[in-house]
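Below is one structure, written out as structure tokens; the observations come after it.
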Amino acid sequence: MSARTITLDDSLYAYILEHALREPPILARLRAETAAMREANMQIAPEQGQFMALLVELIGARRTLEVGTFTGYSALCVALALPADGRVVACDISETFTAVARRYWAEAGVADKIDLHLAPAVETLERLLAEGGAGTFDFMFIDADKESYDAYYEYGLRLIRPGGLIAIDNVLWNGAVADPARDDKETAAIRALNDKVREDRRVSMSLVPIGDGLMLARRR
Ligand code: CA
């Protein structure tokens, strides 16, 4: 028994993957292809993808936003969880990484559910607002450059509806947030956002220690 979150050693983590993961083969293949890349650590954990898909189902999401798509694993998890008329608006700047994503989205039959915007995310988010998108999204996943996290979060609060959910990745930053020796800009940005969200009365929140830490903020 434990009155605090349990530590996952390798054997316990393996147990979760073996007994509690329902990863479709196409997601497993995308994860394997991405794991062979130099930037493999930018991919979310499979249990986190499954958790986000559950969140999307729980809130009945239809319109979702993603900032930072990489090779498309998270967008594919979300797209597969959405109803047939659901949409993912995905923002990324890498043609190379998202080419992998597009290949798997097409194979999974969800390519028409995902609108990929290859541009700085702030430009895309501004355009969504200009086109009347405020309050029209149900779910947003933020997983891009950490120094812009605060900006993405603020856009999210304008673009999602009351009751909608913002999920922010890497908020434990591989433990760096709690390491006084780490004083780089990315770590500082994540610490600042974590503290801000805790005090932010516009949202209900919980920091979920899954993957590298997932901050959940539900717009009130
Ligand atoms: Ca991430």
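For the sequence shown, the residue numbers in the numbering used here are 1 to 220.
Yeah, the Cβ is synthetic: ideal placement off N, Cα and C, and Gly gets one too.
Within the chosen limit of 7 angstroms, ligand 1 does not reach the beta carbon of aspartate 145 with any heavy atom.
Looking from the CA of isoleucine 190, the closest CA among Val110, Tyr104, Ile26 and Asp145 belongs to Asp145. Annotation: the continuous alpha helix (DSSP H) that includes phenylalanine 97 extends over 95–108. Between the alpha carbons of arginine 198 and serine 204 lies a distance of about 8 angstroms. Minimum Cα-Cα distance from alanine 188 among the listed residues Arg158, Arg218 and Ser148 corresponds to Ser148. Listed in chain order, the alpha helix (DSSP H) runs fully inside the stretch 14–89 are 25–35, 46–58 and 73–81, counting runs of at least 4 residues. By the C-beta density criterion, histidine 117 is buried, having at least 16 other C-beta atoms within 10 angstroms. Rounded to whole angstroms, the separation of the alpha carbons of proline 209 and isoleucine 6 is 10 angstroms. Separation of the CB atoms of phenylalanine 137 and leucine 55 is rounded to 14 angstroms, and the pair is thereby denied contact status at 8 angstroms. Here leucine 12 is exposed, its C-beta having fewer than 16 other C-beta atoms within 10 Å. DSSP places alanine 3 in the coil class of the three-state scheme, outside both helix and strand. With a beta-carbon spacing of about 7 angstroms, aspartate 143 and valine 67 fall inside the 8 angstroms limit used to define contacts. A residue is called buried when at least 16 other Cβ atoms come within 10 angstroms of its Cβ; threonine 96 does not meet this threshold and is exposed. Sequence-distant Cβ neighbours of leucine 159 in its own chain, meaning closer than 8 angstroms and more than five residues away, are Leu65, Leu125, Leu128, Leu129, Gly133, Ala134, Gly135, Thr136, Phe137 and Met140. By the neighbour-count definition (other C-beta atoms within 10 Å, threshold 16), arginine 31 is a buried residue. Less than 8 angstroms divides the Cβ of aspartate 169 from the Cβ of isoleucine 44. Pairwise C-beta distances place the stretch 170–182 out of contact with the stretch 70–82, as fewer than three of them are shorter than 8 angstroms. Less than 8 angstroms divides the Cβ of tryptophan 173 from the Cβ of aspartate 212. Secondary structure at arginine 198: helix, using DSSP grouped into helix, strand and coil. Here the alpha carbons of glutamine 48 and glutamate 186 stand approximately 22 angstroms from one another.
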